[in-house]
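J.: I'd like to ask you about the structure that follows.
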């Protein structure tokens, strides 16, 4: 039906109602011939205009409900439509609702002509969505008023009020309730302010009013009365700023001040009013500037951020256990910024997520370096609740760990006690996945929040870090001493490690050594230091005289002394047990099963103190007869018998070590029980970790010991295949044509498995294209089920299916951003989710490939066809290698051996000493500087120096060389030598 036909209908609202119901819009129809405006019912209802028997009125009647300020505008638009100056229109104007309030509406429509070409009617749509226009208008009026007061230096205040939690109220009660509430707020505020002061709604739930000539006390009363009248409906907050106190001529600046004050009120609990504070405002500006600077530094590759590490000392053996990573930030403008200032800003803006992963990567890289000289070193990294709320945090942490090549037990993640640890299901899910990878969880600042040890035990927390407030001056606080003693005792009973922070004096350390937490850290031992100073800090700690048993101050002796002596136990046994006090140690008679000794850890775990003379099976297993799994018949005095047991009596899982020892001249059973329950998957996991460490040592030894590269690779493939209980282990390298194809160059097969190496030559690129994309991300390929690949990657599926492969783990060998090979296992039957083993082996193998390649190049140089020419010119070839902490080595060719008269039987170490020791002592610095210059310049450097020849006496040597390899722990130089005088 054509629109023109609607004018012939007696009731044009019929079709408008139908359209309105289907679209939700509010329509009207203006008939120029009759002067009548026809509305849909929902239009009048939505705009709360007026009530009529029929939704129709004349234009004049409609204008009676239009705000006087906008009537002329409305009539001008109608006149322009009638005269043809406008064909369509859209404008905002104010109408009075049924409460007498002026509300903004938007009118938008189009004029239509009849068959004679004259304007017949207009069809339009009303919208109450013009609130922004009202707010813009009100904001402009407020600014004009404010500018007048500022220009005249008029005393008074600008008051800005906001409704608290309006969004929540709307969700709970509906938007109509919220709209009505805002009308009530405005009405009450208008009623409370002095006559002549206009309350403006300037944005959403914000209302502003200029209050000239009022004091701060009177303004506070206005707010208090309004808040009281709104009690039960909502709460309100307010910000207030003086017109004159701050000498501000700019209205926009004053509006900034009042908005800041309102925000300050909301940030301090809401339902209150805050007067503007210049000090707080400046602090806020500094925070904003710092936020921008932090964001910029992150975008520029974390410039300005750095890490310092504070050593953690194991009190039992006085060795460095690990290090806590501490984030630092240095502003280009302000210098060093306190962590208490910048870390909350990172958390508020979510920037802590990016920075946190950077911290984790840097810390694990540092740990990997340190572990080369300090095996078993651990690192602790702090993590905020903001980071834990990220959906990807589980995998992000595991991916960084995998990329580092470190085992999971190298890492402890610290969370603060103030964190929402009550969110058990969410946090436990994350922690459990991390703990499956070996990562430990620590609760920092313990004692400052509300966590109980029982709650932490349920969460399988591995460590608590006692806040320094409990440690400071503990030698003078009996209360703190008793409190910390109880914490440590309860933690030991829950198998939770204790680390005491903030140890700053010798007296504090002496007390802690009596209380026996496992770990301590603090300025007394070492201040936080950069990565390159950490080893030096550890050396200083080792040089401290910490093993001497301390004497407690007299006031502590009576409290600490009780129960410390192990009555009836020989000193050597007592020392053994004390050194391993967190594990359960006991001695029992081989025949009568009577307990001779049960250490404090065992007493706490089994809840006994009076155990002597009792049967071990009664105390430790709750049985009335010897255990059917007792090992008395199989243990010996020569070595430990190692086994495991699920103790149903105490609900714990133990790894056990049994042996016969002499106690008071009697052969006695000694058992050491290691509680591994806190990883519920543990017993298997613990053995895997131990086995893993042994295997890694085997790989490293094999690859470094075997001169024959092929034998070395075949041997480590056999070892890794055996570890994973796989069908095959293999190495792939690029085909010699370098056309994207891959060759299976090495292979190990389990017994009964058909070799596949010959069939896997020139594997096409499309078969491994998905792998190559994953390798580019420095990730491994882990396939647990082959079936999904049939559709997703058919070429890959076909190659694997032909080999009966259902599962595999493959790790890349990456060099300079390029995949130069990959190593993997097919159909692993253990650790099927864990690629750590393969990744570590890939790293070792890559190093061996580089070594083999470099040695090959070197041999080619030594056997070069120009050897005769070099010999005739008396030019010798040399290579020097200096390793940190090892003797330097030197290799020479035949010419140099003859010219300098080396002994043919000399080792590389002996040759270096022979050459270097014959350099006059006063000239050695010159040679060292030349070698260092080769290292720093990266180019060929030449040096001449005297040398004491064994036959010719003092001669002059000319050395020309450069650095070819510059590692973190070693440097290798190569070059030529000539005897010139």
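In my numbering, the protein residues as written are 95 to 1075. Don't be surprised by glycine CBs; every beta carbon is placed ideally from N, CA and C.
State whether the region 421–432 contacts the region 454–472, with contact taken as three or more CB pairs (one from each stretch) at a distance under 8 angstroms.
T.: Result no; under three Cβ-Cβ pairs closer than 8 angstroms.
J.: Does residue 255 come out as helix, strand or coil in the three-state DSSP assignment?
T.: Strand, per DSSP.
J.: Given this structure, state the Cα-to-Cα distance separating residue 46 from residue 361, to the nearest angstrom.
T.: Only positions 95 to 1075 of the chain appear in this structure, which leaves residue 46 out of reach.
J.: For the alpha helix (DSSP H) that contains residue 450, what are its first and last residues?
T.: 446–465 is the span of the alpha helix (DSSP H), which, as asked, contains residue 450.
J.: Excluding sequence positions up to five away, which residues of its chain have a Cβ less than 6 angstroms from the Cβ of residue 737?
T.: Closer than 6 angstroms at the Cβ level, and outside the excluded window around residue 737, lie 750.
J.: Using 10 angstroms around the beta-carbon of residue 652, count the other beta-carbons present and answer buried if the total reaches 16, otherwise exposed.
T.: Confidence is the limiting factor: at residue 652 the pLDDT is only 37, short of 50, which leaves the residue's position unreliable and the question unanswerable from this model.
J.: Residues in the same chain with beta-carbon distance under 6 angstroms from residue 662, minus the five sequence neighbours each way, listed in chain order, please.
T.: Because residue 662 carries a pLDDT of 37, less than 50, the predicted location of this residue cannot be relied on, and no value is offered for it.
J.: Between the Cα of residue 420 and the Cα atoms of 411, 624 and 340, which residue gives the shortest distance?
T.: Taking only the C-alpha atoms, the option nearest residue 420 is 624.
J.: Please report the distance separating the alpha-carbon of residue 903 from that of residue 740.
T.: Between residue 903 and residue 740, the C-alpha separation is close to 32 angstroms.
J.: Looking at the secondary structure, which residues open and close the alpha helix (DSSP H) in which residue 720 lies?
T.: Unbroken run through residue 720: none, as it is neither H nor E.
J.: Leaving aside the five residues before and after residue 829 along the sequence, list all residues of the same chain whose C-beta is less than 8 angstroms from its C-beta, in chain order.
T.: Excluding positions up to five away in sequence, the list reads 835, 836, 837, 855 and 856.
J.: Whole angstroms are fine: how far does the CA of residue 156 sit from the CA of residue 121?
T.: Distance between the alpha carbons of residue 121 and residue 156 is about 15 angstroms.
J.: When DSSP labels each residue in this structure, what does residue 277 get in the three-state scheme?
T.: The answer is helix: DSSP assigns residue 277 an H, G or I state.
J.: Taking the beta strand (DSSP E) that residue 840 falls in, what are its first and last residues?
T.: Start and end: 836–843.
J.: Please classify residue 520 as buried or exposed, where buried requires at least 16 other C-beta atoms within 10 Å of its C-beta.
T.: The residue is exposed, with fewer than 16 neighbouring Cβ atoms inside 10 Å.
J.: Which residues mark the beginning and the end of the alpha helix (DSSP H) in which residue 578 is found?
T.: Residue 578 -> alpha helix (DSSP H) spans 572–587.
J.: Out of curiosity, what's the CA-to-CA distance linking residue 383 and residue 270?
T.: Roughly 40 angstroms separates the two Cα atoms.
J.: Based on Cα-Cα distance, which residue from 1039, 941, 1024 and 1046 lies nearest to residue 992?
T.: Taking only the C-alpha atoms, the option nearest residue 992 is 1046.
J.: Quick check: the Cα distance between residue 440 and residue 537, rounded to an integer number of angstroms?
T.: Their Cα atoms are separated by approximately 21 angstroms.
J.: Run through the DSSP bridge pairs and tell me what residue 740 is partnered with.
T.: According to DSSP, residue 740 bridges with 747.
J.: Could you please give me the residues that DSSP links to residue 369 through a beta bridge?
T.: For residue 369, which the question treats as bridged, DSSP gives the partners 334.
J.: For residue 822, count neighbouring Cβ atoms within 10 angstroms of its own Cβ and tell me buried if that reaches 16, exposed if not.
T.: Buried, since its Cβ has 16 or more Cβ neighbours within 10 Å.
J.: List the endpoints of the continuous beta strand (DSSP E) containing residue 1027.
T.: Unbroken run through residue 1027 is the alpha helix (DSSP H), 1018–1031; no beta strand (DSSP E).
J.: For residue 600, count the other beta carbons within 10 Å of its own beta carbon; 16 or more makes it buried, fewer makes it exposed. Which is it?
T.: The residue in question, residue 600, is exposed, as its Cβ has fewer than 16 Cβ neighbours within 10 Å.
J.: Based on the DSSP secondary-structure assignment, which residues constitute the bridge partners of residue 1054?
T.: According to DSSP, which records beta bridges pairwise, residue 1054 is partnered with 1036 and 1070.
J.: Could you tell me which of 1052, 1059 and 839 sits nearest to residue 1075, measuring between CA atoms?
T.: Of 1052, 1059 and 839, the residue nearest in Cα terms is 1052.
J.: Using a Cβ-Cβ cut-off of 6 angstroms (strictly less than) and excluding sequence neighbours within five positions of residue 1035, which residues of its own chain qualify?
T.: Same-chain partners within the cutoff: 1024, 1027 and 1028.
J.: With DSSP as the reference, label residue 324 as helix, strand or coil.
T.: Coil.
J.: Skipping 5 residues on each side, what residues in its chain have a beta carbon closer than 8 angstroms to that of residue 701?
T.: So no residue of the chain qualifies.
J.: Does the region 311–327 come into contact with the region 248–260, if we say contact requires no fewer than three beta-carbon pairs (one atom in each stretch) closer than 8 angstroms?
T.: Enough Cβ pairs lie closer than 8 angstroms, so yes.
J.: Would you check if there are 3 or more beta carbon pairs closer than 8 angstroms linking the region 923–934 to the region 899–915?
T.: Yes, the region 923–934 is in contact with the region 899–915.
J.: Over what stretch of residues does the alpha helix (DSSP H) that includes residue 1010 continue unbroken?
T.: 1002–1011 is the extent of the alpha helix (DSSP H) around residue 1010.
J.: Looking at residue 524 and residue 488, is the spacing between their C-beta atoms short of 8 angstroms?
T.: Yes. Within cutoff.
J.: Measuring only the C-alpha atoms, how far is residue 1032 from residue 1056?
T.: Approximately 7 angstroms, taken between the alpha carbons.
J.: Report yes if the C-beta distance between residue 87 and residue 606 is below 8 angstroms; otherwise report no.
T.: Given a span of 95 to 1075 for the chain in the structure shown, any question on residue 87 remains unanswerable.
J.: Determine the extent of the alpha helix (DSSP H) in which residue 632 is found, giving its start and end residues.
T.: 625–637 is the span of the alpha helix (DSSP H), which, as asked, contains residue 632.
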